[in-house]
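Okay, so here's the structure we're looking at.
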Amino acid sequence: MSSLNLQVDGFLDGVLHRLLAGGADASVEEEVAALRAAWPGRTTSLSPVEGKRLPASDHLASALERAAKGEGADIGHAIAGLAEALSWTYSYPTNLRDRDLSSKVAFAQIAGRSGLRTDTDIHVGLTLIAPHVVYPAHRHPAVELYLVVSGTALWQCGEIEPATRAPGSIILHPSNVVHAMTTFEEPLLAVWTWRGDLVSPSIYVNMQTEAHAS
Numbered sequence: 107m108s109s110l111n112l113q114v115d116g117f118l119d120g121v122l123h124r125l126l127a128g129g130a131d132a133s134v135e136e137e138v139a140a141l142r143a144a145w146p147g148r149t150t151s152l153s154p155v156e157g158k159r160l161p162a163s164d165h166l167a168s169a170l171e172r173a174a175k176g177e178g179a180d181i182g183h184a185i186a187g188l189a190e191a192l193s194w195t196y197s198y199p200t201n202l203r204d205r206d207l208s209s210k211v212a213f214a215q216i217a218g219r220s221g222l223r224t225d226t227d228i229h230v231g232l233t234l235i236a237p238h239v240v241y242p243a244h245r246h247p248a249v250e251l252y253l254v255v256s257g258t259a260l261w262q263c264g265e266i267e268p269a270t271r272a273p274g275s276i277i278l279h280p281s282n283v284v285h286a287m288t289t290f291e292e293p294l295l296a297v298w299t300w301r302g303d304l305v306s307p308s309i310y311v312n313m314q315t316e317a318h319a320s
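For what it's worth, this note's numbering labels the leading residue of the sequence shown as 107, then goes sequentially.
Here you go:
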């Protein structure tokens, strides 16, 4: 087994362990139970994905440095081991409210249809957002769970009052519920999971054009 296989497994094990640690509300625990049932097993082969950088991925080093000092240290260490292999993407169309989002937001899939390892039951990946950025309101059919690794940001979901979420927070975005994030002085690094409809893409709610994203 290659060292990258082991690093992928170490990352997935660490994320699942953190999600199972409890302390979340009932709806999050229900989603974690569903994820656990579909969670990837041992990695026996990796997809031929080449590492790819985007402007936003320049913030990964500082995000990981902050993670090393906090609750996300173990997962941050696992992400650091995968850093060179990650293929960062941004595939939304241009957003009229911020035409430069493609240089401020990036996603990397670790397990999934286009991840380091193939998985058709769930997707697991990373979101990285530069400081002082609004990731606009969007929605998708997939049920999404976020685990914040580094960076305190403002999170909004549906009609719930926006709230500041710190590293270690677990945030649930139910199917097709509109959600958004706003970063402050620090970049945001978070793990995301998708379950359910893994094919239908995300859309910005202020746009008609659809595009794949997390």
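Yeah, the Cβ is synthetic: ideal placement off N, Cα and C, and Gly gets one too.
Could you pull the start and end residues of the alpha helix (DSSP H) that A167 belongs to? 166 to 173 is the span of the alpha helix (DSSP H), which, as asked, contains A167.
Alpha carbons only, please: which of T200, A169, I277, S163 is nearest the one belonging to D131? Here the closest residue by C-alpha is I277.
What ranges does the beta strand (DSSP E) occupy inside the region 205 to 268, keeping only unbroken runs of at least 3 residues that lie completely in it? Here the runs fully enclosed are 211 to 218, 228 to 235, 240 to 245, 249 to 256, 259 to 263.
Going by the DSSP bridge assignment, what does I309 pair with across the sheet? R245, per the DSSP bridge assignment.
Can you look up S193 in the DSSP assignment and give me helix, strand or coil? DSSP places S193 in strand when its eight states are reduced to three.
Throw me the rounded Cβ distance for the F290 and L188 pair, which I believe falls under 8 Å. That pair is no contact at about 26 Å.
Looking at the secondary structure, which residues open and close the beta strand (DSSP E) in which A286 lies? Per DSSP, the unbroken beta strand (DSSP E) holding A286 starts and ends at 285 to 289.
Anyone know if the C-beta pair for G120 and I181 falls short of 7 Å? For G120 and I181, yes; Cβs fall inside 7 Å.
What residues match up with R271 in a beta bridge as DSSP calls it? Answer by DSSP bridge pairing, in chain order: A259.
Going by C-alpha distance, which of L232, P273, V284 is nearest T195? Nearest option by C-alpha distance: L232.
Please name the residue or residues paired with T299 in a DSSP beta bridge. Per DSSP, the beta-bridge partners of T299 are V230, L251.
Could you check the C-alpha separation between R235 and V155 for me, to the nearest Å? Here residue 235 turns out to be Ile, not Arg, going by the sequence shown. I235 and V155: Cα-Cα distance of roughly 22 Å.
Leaving out five residues before and five after K210 in sequence, what residues of the same chain have Cβ atoms less than 8 Å from its Cβ? A distance below 8 Å between beta-carbons, with the five flanking residues on each side excluded, links K210 to the following residues of its chain, in chain order: P161, A162, D204, I235, A236, V239.
How is L122 classed by DSSP in three states: helix, strand or coil? In the structure shown, L122 sits in a helix (DSSP, three-state: H, G or I).
When the Cα atoms are used, what is the spatial distance from L122 to A286? CA-CA distance, L122 to A286, rounds to 24 Å.
Would you kindly check if the distance between the Cβ of P146 and the Cβ of D206 is under 7 Å? Going by beta carbons, D206 and P146 fall outside the 7 Å limit.
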